[in-house]
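These protein sequence lines are chains A and B, in that order.
Note that numbering that gives the first Met the number 0 gives residue 235 to position 236 of the first sequence, counting from 1, and the numbers run on in steps of one.
Note that numbering that gives the first Met the number 0 gives residue 179 to position 180 of the second sequence, counting from 1, and the numbers run on in steps of one.
Quick reminder that beta carbons are idealized off the backbone N, C-alpha and C, glycines included.
All remarks here apply to the structure that follows.
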Amino acid sequence: MGEMVEVLLPEGSARRGQVIEFSDRHTVIQILEESTGIGVRSTRIRFTGSPARIPLSPDILGRRFNGAGDPVDGLPPVLPEKWESIMGTPINPVARDKPSHFLRTGISAIDGLNTLVRGQKLPIFSGAGLPAREIAGQILRNAGAGEEGTGEAGGKFAVVFAALGITYREANSFLEEFEQGGAGGHTVVYLNLADDPTIERLLTPRFALTAAEYLAFDHGYDVLVLLTDMTSYCDSLREVATAREEIPGRRSYPGYMYTDLATIFERAGRIRGRRGSVTQLPILTMPDDDITHPIPDLTGYITEGQIVLSRELHRKGIYPPIDVLPSLSRLMNLGIGPGKTREDHRGLADQLYACYAQGRDLRRLEAIVGEEGLLESDRRLRRFADAFEREFIGQGPGGRSLEETLDAGWKLLRLLPKDQLTRIRVEHVLKYYGE
Amino acid sequence: MGPFIRAWKEMYGLDYTKRWNFTPAIKPGDELQFGKVIGQVQEGAFTHYILCGSERGKVVGVASGSVSLDEPFGELESGLEIPGCHEWPVRMPRPYKKKFAPSTPLVTGQRIIDFLFPLARGGAAIIPGGFGTGKTIFEQSVAKFADVDIVVYVGCGERGNEMTEVLTDFPELEDPCTGRPLMERTVLVVNTSNMPVAAREASVYTGITIAEYYRDMGYRVALMADSISRWAEALREISSRLEEMPGEEGYPTYLATRLAGFYERGGRVVCLGDGGREGTVTIVSAVSPPGGDFSEPVTQSSQRIAGVLWALDPDLAHRRHFPAVDWRKSYSLYAGTVDEWFRDHVSAEWPALRGEMMGLLQREEELQEIVQLVGIESLQDQERIVLLVSGMLREDFLRQSAFSENDAASHPEKTYYMLKAILSFHSLCRELLGKGIPVEKVLALPFREELGRMKELPAEGFREEALALIGRIEAEGRAGP
Ligand SMILES: Nc1ncnc2c1ncn2[C@@H]1O[C@H](COP(=O)(O)OP(=O)(O)O)[C@@H](O)[C@H]1O
Ligand SMILES: [Mg+2]
Numbered sequence: 000m001g002e003m004v005e006v007l008l009p010e011g012s013a014r015r016g017q018v019i020e021f022s023d024r025h026t027v028i029q030i031l032e033e034s035t036g037i038g039v040r041s042t043r044i045r046f047t048g049s050p051a052r053i054p055l056s057p058d059i060l061g062r063r064f065n066g067a068g069d070p071v072d073g074l075p076p077v078l079p080e081k082w083e084s085i086m087g088t089p090i091n092p093v094a095r096d097k098p099s100h101f102l103r104t105g106i107s108a109i110d111g112l113n114t115l116v117r118g119q120k121l122p123i124f125s126g127a128g129l130p131a132r133e134i135a136g137q138i139l140r141n142a143g144a145g146e147e148g149t150g151e152a153g154g155k156f157a158v159v160f161a162a163l164g165i166t167y168r169e170a171n172s173f174l175e176e177f178e179q180g181g182a183g184g185h186t187v188v189y190l191n192l193a194d195d196p197t198i199e200r201l202l203t204p205r206f207a208l209t210a211a212e213y214l215a216f217d218h219g220y221d222v223l224v225l226l227t228d229m230t231s232y233c234d235s236l237r238e239v240a241t242a243r244e245e246i247p248g249r250r251s252y253p254g255y256m257y258t259d260l261a262t263i264f265e266r267a268g269r270i271r272g273r274r275g276s277v278t279q280l281p282i283l284t285m286p287d288d289d290i291t292h293p294i295p296d297l298t299g300y301i302t303e304g305q306i307v308l309s310r311e312l313h314r315k316g317i318y319p320p321i322d323v324l325p326s327l328s329r330l331m332n333l334g335i336g337p338g339k340t341r342e343d344h345r346g347l348a349d350q351l352y353a354c355y356a357q358g359r360d361l362r363r364l365e366a367i368v369g370e371e372g373l374l375e376s377d378r379r380l381r382r383f384a385d386a387f388e389r390e391f392i393g394q395g396p397g398g399r400s401l402e403e404t405l406d407a408g409w410k411l412l413r414l415l416p417k418d419q420l421t422r423i424r425v426e427h428v429l430k431y432y433g434e
Numbered sequence: 000m001g002p003f004i005r006a007w008k009e010m011y012g013l014d015y016t017k018r019w020n021f022t023p024a025i026k027p028g029d030e031l032q033f034g035k036v037i038g039q040v041q042e043g044a045f046t047h048y049i050l051c052g053s054e055r056g057k058v059v060g061v062a063s064g065s066v067s068l069d070e071p072f073g074e075l076e077s078g079l080e081i082p083g084c085h086e087w088p089v090r091m092p093r094p095y096k097k098k099f100a101p102s103t104p105l106v107t108g109q110r111i112i113d114f115l116f117p118l119a120r121g122g123a124a125i126i127p128g129g130f131g132t133g134k135t136i137f138e139q140s141v142a143k144f145a146d147v148d149i150v151v152y153v154g155c156g157e158r159g160n161e162m163t164e165v166l167t168d169f170p171e172l173e174d175p176c177t178g179r180p181l182m183e184r185t186v187l188v189v190n191t192s193n194m195p196v197a198a199r200e201a202s203v204y205t206g207i208t209i210a211e212y213y214r215d216m217g218y219r220v221a222l223m224a225d226s227i228s229r230w231a232e233a234l235r236e237i238s239s240r241l242e243e244m245p246g247e248e249g250y251p252t253y254l255a256t257r258l259a260g261f262y263e264r265g266g267r268v269v270c271l272g273d274g275g276r277e278g279t280v281t282i283v284s285a286v287s288p289p290g291g292d293f294s295e296p297v298t299q300s301s302q303r304i305a306g307v308l309w310a311l312d313p314d315l316a317h318r319r320h321f322p323a324v325d326w327r328k329s330y331s332l333y334a335g336t337v338d339e340w341f342r343d344h345v346s347a348e349w350p351a352l353r354g355e356m357m358g359l360l361q362r363e364e365e366l367q368e369i370v371q372l373v374g375i376e377s378l379q380d381q382e383r384i385v386l387l388v389s390g391m392l393r394e395d396f397l398r399q400s401a402f403s404e405n406d407a408a409s410h411p412e413k414t415y416y417m418l419k420a421i422l423s424f425h426s427l428c429r430e431l432l433g434k435g436i437p438v439e440k441v442l443a444l445p446f447r448e449e450l451g452r453m454k455e456l457p458a459e460g461f462r463e464e465a466l467a468l469i470g471r472i473e474a475e476g477r478a479g480p
């Protein structure tokens, strides 16, 4: 199962395929490329004896490949230092190192409230037409710029980009983003575009992750892996499952989609005694903005949090339109606090969350009873929620330093009385609230 | 074995060469039977009783002092050796003498659990919730603070980093019962989401068998399973490969039977062997319903069997109210049973206070509905006080951060005094209103910030601080306007 085969045509050319099903009498092979011109009688199959493999060497940096790992940049094939199966093997939890280094993205809603750390897998849950690409680009620019005196000194940085079923135009704007961010030279690109073979799309993220693991754990790079769009990956998975006549699960996605996605998303992290890290930033499009759809749902069950984009904020003209309430970074606590970010970080984030959630509820109430129907203390919370969206979240396309993010949070909390801030330690209120 | 788990590596679970200091409990002439304690060795702070497996017959020789597992621990009349370990098929429940209904609480250190929805030793609880609602943190908190002898933690089809966290944190933490490193009482069964599904299906059985094994020594064991849904999905995947007829949501039709079989292996029992040792296995399993919808088969089948439901609510989680246990949907069938223990060990008022608190939360919900319709001005003064106090109960009492230095675990006594303080504040408010003091003044009373920060006080001296605060609140009432 999963073994790669060569389909030898009578005129001497060869195409590639993969075993997707077998029984006593038949073996089903899915052809990666076009199937036209393949005759049943005259075609021969050669089994390669192994699943798809990838040639690896440090020279892959700066190169561009198709979704099946062949160069598409006009340069010769990579001279391999080694070959590796793309299926990967689980990291032994005993050998994993706990991720603990703050990774600055320059975005307040992330750095301040849902901090990303190196070795984390943090997807962006986007919707059709929402600016996920711009946000990903912004993160790349800042993450690549290293951090400012927090955590360890910036090591070698690389980006691995896998385009999954997106259009040529979209892929191109990502690539331009890398060039502008100065990341061009240390980027590896795997392109499976919308019109490329579906089954190849199931291999593409695995090529990308095998390359990322190699750069991280053999060569000490801090690697950021961008996978977009995971929704079209899942649709390919469904297509192949249907072709195999499997019993469909929820919304006709296969029952093993959780396990399949886990073999992608779990390939992030750090290994004890090795220098590098693999951080994953997958992007997916929530069909119909529905977060309970199986694709975002199963993803959220596997990844270490999620950044959720909101159509409502986007319509209000707030950029980046990150809805912080359903967003989460599960590894935040490992990357923040004294010596890493700042002592007041945890309390400040909790307090902003609590007040914003209350303020949002009051917005609904105000719509019914009018502003006069609210108590003065409630009116303050309501105003806080508006200001929070405008100033803290809606920072615009520029990057903020961590200091700027935290100070922006304190500035907003000054709209509220000091004694209401019970989620923050007294010492920190005294130190940062001011008079 | 290197940082990656490769196929075809066989490893032994036991170290056959390590030497142990064995103190026998049997002597020549004794009859062996399954479950009999043949002696003990010390494993850190923990006394590991050596249990007899399938051997039977009369003992003629017994080892003593330094032994390793590849040496005999004794000899039988038949000439057979008595081994220091035995094998057990994980899918077969280990036998016991007798099963009892649970009677004492398993104190978790989580206020909302111990006070409102308590778990009993030997009982089973499920904690269903969508992603990010706090199942894993909750399981880990209970694993850290529960007053049990052994914790078996089954990471079933979940994240690798979470397992690493347990592996790195637990050795640093203290066992609340013995003060020794927490890892000494913890057994981890690890099968992360990217490992083979067949092994995932087996992992919960491995976990429960290990739990039963320690139960058979007379220990109080907690089995934490995160998450039982992943086990059910593994079952589904295997069943579909076998081309069995699928039932609801594609799960095999025997899902409910298998689940029941698993939960039934928990309980409070008298162990086999002599002495009437009592052991318990308490099961806490996380459930991960697709889309957070509790009507799906795994949640439903588990709920029918478990005595406790802690329902997690995404809205509470989104506003970072943790533990995000929804007090409207959750329940415990053990509350009545374990009240006696709380009455005897904490306060005779315990059950009555729970009733009072649930009443206030219920009242708040009704009042909120009115406010949503016509605004807060329409409420009477007494009702505004109810809103104030129930808000404090939620924020200051029920909310408990797993990351707080002093509040990650709350001893039942702390739980009791925190509640007492808030309720005495409620009495004060009512009293002042009764004296004709305007509600605005009552709402502006001091104490609120102090009550809100009470949970962060260190455990040491907590009772005194709380009593002093309650004293000041009561004095304020006497002082009047
Ligand atoms: N008791 C708690 N105290 C503080 N934060 C919590 C608590 N429970 C959950 N959280 C927060 O919620 C996040 C998700 O919790 P987790 O247990 O991993 O969810 P689940 O297992 O249900 O997906 C955590 O990373 C943490 O930030
Ligand atoms: Mg979890």
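Chain A contact for residue i (CB, 8 angstroms cutoff)
| i | result |
| --- | --- |
| I149 (chain B) | no |
| H85 (chain B) | no |
| E364 (chain B) | no |
| Q399 (chain B) | no |
| D146 (chain B) | no |
| I375 (chain B) | yes |
Opposing strand residues paired with residue i [DSSP bridges]
| i | result |
| --- | --- |
| H47 (chain B) | B:V40 |
| D322 (chain A) | A:V307 |
| S84 (chain A) | A:R52 |
| A221 (chain B) | B:V150, B:T281 |
| M3 (chain A) | A:Q17 |
| H189 (chain B) | The sequence as given places Val at residue 189 (chain B); His does not occur at that position. According to DSSP, V189 (chain B) bridges with B:G154. |
| V370 (chain B) | Answer is none; V370 (chain B) lacks a bridge partner. |
Whether residue i touches residue j by CB criterion (8 angstroms)
| i | j | result |
| --- | --- | --- |
| L115 (chain A) | S328 (chain A) | yes |
| R392 (chain B) | I369 (chain B) | The sequence shown places Leu at residue 392 (chain B), not Arg. Cβ atoms of L392 (chain B) and I369 (chain B): not closer than 8 angstroms. |
| P98 (chain A) | M162 (chain B) | no |
| L280 (chain A) | L121 (chain A) | yes |
| H218 (chain A) | G275 (chain A) | yes |
| R269 (chain A) | G118 (chain A) | yes |
| S125 (chain A) | I282 (chain A) | yes |
| A157 (chain A) | L78 (chain A) | no |
| I306 (chain A) | I165 (chain A) | no |
| V286 (chain B) | S226 (chain B) | yes |
| L271 (chain B) | G34 (chain B) | yes |
| E200 (chain B) | L234 (chain B) | yes |
| V280 (chain B) | G266 (chain B) | yes |
Short CB-CB distance (under 8 angstroms) between residue i and chain B
| i | result |
| --- | --- |
| A152 (chain A) | Unreliable positioning characterises A152 (chain A) in this predicted model, as indicated by a pLDDT of 44, which lies under 50. The coordinate reading is nonetheless provided below. Cβ-Cβ to chain B under 8 angstroms: no for A152 (chain A). |
| T262 (chain A) | yes |
| V27 (chain A) | no |
| D296 (chain A) | yes |
Nearest to residue i (by Cα), restricted to the options the options
| i | options | result |
| --- | --- | --- |
| L324 (chain A) | A:L112, A:I134, A:K430, A:T227 | A:L112 |
| P88 (chain B) | B:G1, B:V220, B:V203 | B:V203 |
| V165 (chain B) | B:L432, B:I136, B:I469 | B:I136 |
| A255 (chain B) | B:I237, B:L79, B:L308, B:I304 | B:I304 |
| Y252 (chain A) | A:Y232, A:T262, A:L129 | A:Y232 |
| L55 (chain A) | A:D288, A:L129, A:S49, A:G68 | A:G68 |
| R257 (chain B) | B:R90, B:Y333, B:H85 | B:R90 |
| L351 (chain A) | A:R341, A:R413, A:G336 | A:R413 |
Give me the pocket residues for ligand 2, defined as CB within less than 5 angstroms of any heavy atom, sorted by chain position. B:K134, B:T135
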